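What follows is a set of notes on a single structure, which appears directly below.
Protein chains: 2
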Amino acid sequence: MNRSQHPALIGLDWGTSSLRAYLLGGNGTLIDRRAEGWGIQHLPEGGYAAAFRGVAGEWLDRWPGLPVLAAGMVGSRNGWREVPYVECPADPASIASGLVAFDSGCGTIHLVPGLMQGGPLPDVMRGEEMQIVGVLAMQPALAERSLLVLPGTHCKWAVVERDRVVRFTTYLTGELFAMLRDHSIIGRPAKEMGVTAAGLEFDHEAFTRGVKSAHESGAVGIAPWLFTARSLFLTGVLAAPQTLDYLSGLLIGEEIRSVVAGLADAVCPSIALLGDPTLCNRYRLALSQFGIDDVQALNETGPLGLWRIGEAAGLVAHAPDTMQEDESRGST
Amino acid sequence: MNRSQHPALIGLDWGTSSLRAYLLGGNGTLIDRRAEGWGIQHLPEGGYAAAFRGVAGEWLDRWPGLPVLAAGMVGSRNGWREVPYVECPADPASIASGLVAFDSGCGTIHLVPGLMQGGPLPDVMRGEEMQIVGVLAMQPALAERSLLVLPGTHCKWAVVERDRVVRFTTYLTGELFAMLRDHSIIGRPAKEMGVTAAGLEFDHEAFTRGVKSAHESGAVGIAPWLFTARSLFLTGVLAAPQTLDYLSGLLIGEEIRSVVAGLADAVCPSIALLGDPTLCNRYRLALSQFGIDDVQALNETGPLGLWRIGEAAGLVAHAPDTMQEDESRGST
Numbered sequence: 122m123n124r125s126q127h128p129a130l131i132g133l134d135w136g137t138s139s140l141r142a143y144l145l146g147g148n149g150t151l152i153d154r155r156a157e158g159w160g161i162q163h164l165p166e167g168g169y170a171a172a173f174r175g176v177a178g179e180w181l182d183r184w185p186g187l188p189v190l191a192a193g194m195v196g197s198r199n200g201w202r203e204v205p206y207v208e209c210p211a212d213p214a215s216i217a218s219g220l221v222a223f224d225s226g227c228g229t230i231h232l233v234p235g236l237m238q239g240g241p242l243p244d245v246m247r248g249e250e251m252q253i254v255g256v257l258a259m260q261p262a263l264a265e266r267s268l269l270v271l272p273g274t275h276c277k278w279a280v281v282e283r284d285r286v287v288r289f290t291t292y293l294t295g296e297l298f299a300m301l302r303d304h305s306i307i308g309r310p311a312k313e314m315g316v317t318a319a320g321l322e323f324d325h326e327a328f329t330r331g332v333k334s335a336h337e338s339g340a341v342g343i344a345p346w347l348f349t350a351r352s353l354f355l356t357g358v359l360a361a362p363q364t365l366d367y368l369s370g371l372l373i374g375e376e377i378r379s380v381v382a383g384l385a386d387a388v389c390p391s392i393a394l395l396g397d398p399t400l401c402n403r404y405r406l407a408l409s410q411f412g413i414d415d416v417q418a419l420n421e422t423g424p425l426g427l428w429r430i431g432e433a434a435g436l437v438a439h440a441p442d443t444m445q446e447d448e449s450r451g452s453t
Numbered sequence: 122m123n124r125s126q127h128p129a130l131i132g133l134d135w136g137t138s139s140l141r142a143y144l145l146g147g148n149g150t151l152i153d154r155r156a157e158g159w160g161i162q163h164l165p166e167g168g169y170a171a172a173f174r175g176v177a178g179e180w181l182d183r184w185p186g187l188p189v190l191a192a193g194m195v196g197s198r199n200g201w202r203e204v205p206y207v208e209c210p211a212d213p214a215s216i217a218s219g220l221v222a223f224d225s226g227c228g229t230i231h232l233v234p235g236l237m238q239g240g241p242l243p244d245v246m247r248g249e250e251m252q253i254v255g256v257l258a259m260q261p262a263l264a265e266r267s268l269l270v271l272p273g274t275h276c277k278w279a280v281v282e283r284d285r286v287v288r289f290t291t292y293l294t295g296e297l298f299a300m301l302r303d304h305s306i307i308g309r310p311a312k313e314m315g316v317t318a319a320g321l322e323f324d325h326e327a328f329t330r331g332v333k334s335a336h337e338s339g340a341v342g343i344a345p346w347l348f349t350a351r352s353l354f355l356t357g358v359l360a361a362p363q364t365l366d367y368l369s370g371l372l373i374g375e376e377i378r379s380v381v382a383g384l385a386d387a388v389c390p391s392i393a394l395l396g397d398p399t400l401c402n403r404y405r406l407a408l409s410q411f412g413i414d415d416v417q418a419l420n421e422t423g424p425l426g427l428w429r430i431g432e433a434a435g436l437v438a439h440a441p442d443t444m445q446e447d448e449s450r451g452s453t
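Protein sequences, first through last, are from chains A and B.
In terms of our numbering, the first sequence is numbered consecutively and its last residue is 453.
In terms of our numbering, the second sequence is numbered consecutively and its last residue is 453.
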């Protein structure tokens, strides 16, 4: 944080379960931050307006007229105001052109659109685009060509080429894991022992065993392996707590197996993992089982992404050192 | 039913959610039947013994000393008495040699063991072996070489060769469907419309679309397709009720895709579907999308399977016309 800078933008990362606010200075430098559990499904009394005033009111009182950008589920059908998706391929300029400004009652808020792709494998994202744009702004090599992976309940894999999100795919891996743990016969042994995800120490061997099964399954995939998360327990090979990390390995392994199969014989681009470091570490371990080691982990790229979208929209001024980057981008 | 025959065996199909009792005469002819909702997780007051007397007491009073065979979860760790699994490859004789007899307080009951396979893909079944043995007894061609498919919460695929279950695989397809419908973001639109599985008319087009996606996914599998059960709804391609049949098609399609990939270039054996006709019909439709049409559906093969196991155990006498079949089997 750098409180000596002059604030130029308030950025909001407003998802389903939390609300994060960033006070940004020139070049997207982080000056101050707030976080509350006021996701769009957990709003405080007074709703969206109260939540907004709660995280950003003090900043707005002190620096009236600061532009405000908000990304995430706040712009969804069930959010504060719906923002139409922007089509892929998408870049910071096309995302900026899809901003929707509205009067919040406490100043204008510019809502960032999510991304959509049509075609036979339609898909949508809301919020992740801000993290992706942050990577484009900070890592020119990744902006040129990369696979960006955002693990979570719904893991997104975005194909980036020449500073654009060309296409992306959502994998239900996180949700499948939680469902199988909480609602299926597979999760029962761990549940009966009172093992919860929170209290569980990572079992590297069980996780790796799951990833390996997925890897070695080849074109068959993990369909015939899922039940082994139970049968390996019944046959005494896995202890109850290990079944969960084994299952996690199977599911993350299947996700990677599927992506690798989709590459066919093409060379896998550089991969960057964005988000929760613990979860990113599972993906990094699993990728290495597939022989993929050109992987870096990046954390909190969202604030810079919001800044970059604000720049593209003309809400904040280009700083000299980002202007040069923009000119080179313009020539591609 | 043929009440003119003399009863020779009482067979019980005693699973998690129901208890079915069969009164069988020579050659396994069905003389009478009872069914109650007294699965091992839904026992009446008085427990196992009361349930047993409830379905079979009248028969035992009238024909004292009838042998009783029971298969299914009643022989599991959480059942009336645990019966160790029998290893694959398994045939009626090896299953019969694993019977466990115990005094139920209302006469001796012989519990049928489930099957287990070891190796890298360990698996277990309890109850399905009785249906499979029934097929072996009634269909010599399928007993010689076939793939027997038993759809359900945990769908089993059993490889049969020369009257033996060589190996089998459990697929979680039914449980995955129920979980995704009831507990995931995918099931939400249908749930919000109040659509339940029971009230839903089968949408052939949506189901086929799901199967096709799985089929055409090749080695990639359905990992990147699962989320389309939501995105095709968000983009207006599928209506809320259709998302469930599309999901069903994706999941059953993935199961078949995986099996076919495992066959590599080998010719697919004849397939028989056992069990609930409605569910079997979904599998038949899906198999035909994969170009597999050598498929027949068989229903209620369990009673004959119990009879055949009783024969192999010497609990009932061989009838002349089954003896011949047994002799030919002995020569292989």
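Every residue gets a Cβ at the ideal spot worked out from N, C-alpha and C, and that includes glycine.
Computed from a prediction, not measured in an experiment: that's the story for all the values here.
Query raised in the report: Within 8 Å (strictly less), CB to CB, does Phe328(A) reach chain B?
Result: Residue mapping note: residue 328(A) aligns to position 207 of the first sequence, counting from 1. By this cut-off, Phe328(A) is not an interface position.
Requested in this report: With Leu268(A) as the anchor, note down where its beta strand (DSSP E) starts and where it stops.
Outcome: Here residue 268(A) refers to the residue found at position 147 of the first sequence. Start and end: 266 to 271.
Requested in this report: List the endpoints of the continuous beta strand (DSSP E) containing Gly132(B).
Outcome: Looking up residue 132(B) in the second sequence gives position 11. 128 to 135 is the span of the beta strand (DSSP E), which, as asked, contains Gly132(B).
Query raised in the report: Would you say Met300(B) reaches chain A, if we count a Cβ-Cβ gap shorter than 8 Å as a contact?
Result: Residue mapping note: residue 300(B) aligns to position 179 of the second sequence, counting from 1. Judged by the 8 Å Cβ criterion, Met300(B) is in contact with chain A.
Report task. May I ask you to list, following chain order, the residues of the segment 343 to 367 of chain A that have a beta carbon less than 8 Å from some beta carbon of chain B? Result -> Ala344, Pro345, Trp346, Leu347, Phe348, Thr349, Ser352, Leu353, Leu355, Thr356, Val358
Query raised in the report: Where does the unbroken beta strand (DSSP E) through Asp244(A) begin, and where does it stop?
Result: As a working mapping, residue 244(A) is identified with position 123 in the first sequence. That run of the beta strand (DSSP E) goes 244 to 246.
Query raised in the report: Any chance the CB of His127(B) is under 7 Å from a heavy atom of the ligand MN?
Result: Of ligands this structure carries none, so the ligand MN is not represented either.
Requested in this report: Taking Ser379(A) as the query, report the chain B residues whose CB atoms sit under 9 Å from its CB, ordered along the chain.
Outcome: Along the first sequence, one-based indexing puts residue 379(A) at 258. Simply Ser338, Ala340, Val341, Gly342, Ile343, Ala344, Pro345.
Query raised in the report: Hey, Arg154(B) and Leu144(B): beta-carbon distance below 8 Å or not?
Result: As a first step, residue 154(B) is located in the second sequence; it is residue number 33 there, counting from the start. As a first step, residue 144(B) is located in the second sequence; it is residue number 23 there, counting from the start. In this structure, Arg154(B) sits near Leu144(B), with a CB-CB distance shorter than 8 Å.
Query raised in the report: Beta carbon of Val316(A), beta carbon of Thr422(A): below 8 Å?
Result: Indexing the first sequence from 1 puts residue 316(A) at position 195. Indexing the first sequence from 1 puts residue 422(A) at position 301. Not a contact, by the Cβ cut-off of 8 Å.
Query raised in the report: Touch check for the segment 359 to 367 of chain A and the segment 392 to 402 of chain A: three-plus C-beta pairs under 8 Å?
Result: At 8 Å Cβ cutoff, the stretches do not touch.
Query - Own chain, CB closer than 8 Å to Ala222(A), minus 5 neighbours either side, in chain order - result: For the purposes of this step, residue 222(A) is taken as the residue at position 101 of the first sequence. If the five residues before and after Ala222(A) are omitted, its C-beta is found closer than 8 Å to the C-beta atoms of Thr229, Ile230, His231, Leu232, all from its own chain and listed in chain order.
Query raised in the report: When DSSP labels each residue in this structure, what does Asp284(A) get in the three-state scheme?
Result: Indexing the first sequence from 1 puts residue 284(A) at position 163. Note: Asp284(A) maps to coil in three-state DSSP.
Requested in this report: Leaving out five residues on either side along the sequence, give the residues of the same chain with a beta carbon under 6 Å from the beta carbon of Leu427(A).
Outcome: As a working note, residue 427(A) is residue 306 in the first sequence. Within the same chain, Leu427(A) has close Cβ partners Gly132, Leu190, Met251.
Query raised in the report: Taking the runs of the beta strand (DSSP E) that are 3 residues or longer, which of them lie wholly in the segment 200 to 262 of chain A?
Result: 221 to 224, 229 to 232, 236 to 238, 244 to 246
Query - Ile373(A) vs Cys389(A) beta-carbon contact at 8 Å - result: Here residue 373(A) corresponds to residue number 252 of the first sequence, with the count starting at 1. Here residue 389(A) corresponds to residue number 268 of the first sequence, with the count starting at 1. Their beta carbons are not under 8 Å apart, which means Ile373(A) does not touch Cys389(A) by this criterion.
Query raised in the report: What residues of chain A sit near Asp244(B), judged by a beta carbon separation below 7 Å?
Result: Here residue 244(B) refers to the residue found at position 123 when the second sequence is read from its first residue. What Asp244(B) touches in chain A: Phe348, Ser352.
Query raised in the report: Is it right to say Leu394(B) is buried, meaning 16 or more other beta carbons lie within 10 angstroms of its own, or is it exposed?
Result: Counting from 1 along the second sequence, the entry for residue 394(B) is found at position 273. Leu394(B) should be labelled buried.
Requested in this report: Tell me, please, whether the segment 404 to 411 of chain A touches the segment 233 to 250 of chain A by the rule of three or more beta-carbon pairs shorter than 8 Å.
Outcome: no
Query - Pro392(A), enclosing beta strand (DSSP E) - first and last residue - result: The residue you call residue 392(A) lines up with position 271 of the first sequence. Note on residue identity: the sequence assigns Ile, not Pro, to residue 392(A). Taken as a continuous stretch (DSSP letters only), the beta strand (DSSP E) holding Ile392(A) covers 392 to 395.
Query raised in the report: According to a CB-to-CB cut-off of less than 7 Å, which residues of the segment 374 to 408 of chain B neighbour chain A?
Result: Cβ contacts with chain A: Glu375, Glu376, Ser379, Ala382, Gly383.
Query raised in the report: Can the beta-carbon of Pro345(B) be found less than 8 Å from the beta-carbon of Tyr292(A)?
Result: What you label residue 345(B) is simply residue 224 of the second sequence in a count that begins at 1. What you label residue 292(A) is simply residue 171 of the first sequence in a count that begins at 1. Yes. Within cutoff.
Query - Burial state of Phe348(B), where buried means 16 or more other Cβ atoms lie within 10 Å - result: The count along the second sequence starts at 1 and reaches residue 348(B) at position 227. Counting Cβ neighbours within 10 Å, Phe348(B) comes out buried, since at least 16 surround it.
Report task. Measure the CB-CB distance between Arg202(B) and Gly193(B) and report whether it falls below 8 Å. Result -> On the second sequence, position 81 is the one that residue 202(B) refers to. On the second sequence, position 72 is the one that residue 193(B) refers to. No, Cβ-Cβ distance for Arg202(B) and Gly193(B) is not below 8 Å.
Query raised in the report: Using Cβ-Cβ distances below 9 Å, what residues of the segment 276 to 309 of chain A are close to chain B?
Result: Trp278, Thr290, Thr291, Tyr292, Leu293, Thr294, Glu296, Leu297, Ala299, Met300, Leu301, Asp303, His304, Ser305, Ile306, Ile307
Query raised in the report: What's the C-alpha gap between Gly136(A) and Glu249(A)?
Result: Taking the first sequence and counting its residues from 1, one reaches residue 136(A) at position 15. Taking the first sequence and counting its residues from 1, one reaches residue 249(A) at position 128. In a straight line, the C-alpha of Gly136(A) is about 10 Å away from that of Glu249(A).
Query raised in the report: In whole angstroms, what separates the C-alpha of Ile307(A) from that of Ile161(B)?
Result: On the first sequence, residue 307(A) is found 186 positions in, with the first residue counted as 1. On the second sequence, residue 161(B) is found 40 positions in, with the first residue counted as 1. One C-alpha to the other measures close to 19 Å.
Report task. Could you tell me whether the Cβ atoms of Gly149(B) and Arg351(B) are closer together than 8 Å? Result -> Your numbering for residue 149(B) matches position 28 in the second sequence. Your numbering for residue 351(B) matches position 230 in the second sequence. Not closer than 8 Å, so no.
Report task. Would you decide whether Ser369(A) is buried or exposed? Buried here means 16 or more other CB atoms lie within 10 Å of its CB. Result -> Stepping through the first sequence from its first residue, residue 369(A) is reached at position 248. The residue in question, Ser369(A), is buried, as its Cβ has 16 or more Cβ neighbours within 10 Å.
Query raised in the report: So what's Thr443(B) in DSSP terms, helix, strand or just coil?
Result: Indexing the second sequence from 1 puts residue 443(B) at position 322. Since pLDDT at Thr443(B) reaches only 43, below the 50 mark, its modelled position is unreliable, and no value is offered.
Query raised in the report: Near Ala327(B), what residues of its chain come up, given a Cβ to Cβ distance below 6 Å and the 5 sequence neighbours on each side ignored?
Result: Taking the second sequence and counting its residues from 1, the one referred to as residue 327(B) is at position 206. Closer than 6 Å at Cβ, skipping near neighbours: Gln363, Asp366, Tyr367.
Query raised in the report: What's the C-alpha gap between Ala471(B) and Thr329(B)?
Result: Residue 471(B) lies beyond the residue range present for chain B, which begins at 122 and ends at 453; the question has no answer from this structure.
Query raised in the report: Would DSSP call Gly196(A) helix, strand or coil?
Result: Taking the first sequence and counting its residues from 1, the one referred to as residue 196(A) is at position 75. Reduced to three states, the DSSP call for Gly196(A) is helix.
Query - Environment of His336(B) [buried if 16+ CB atoms lie within 10 Å] - result: The count along the second sequence starts at 1 and reaches residue 336(B) at position 215. Under this definition His336(B) is a buried residue.
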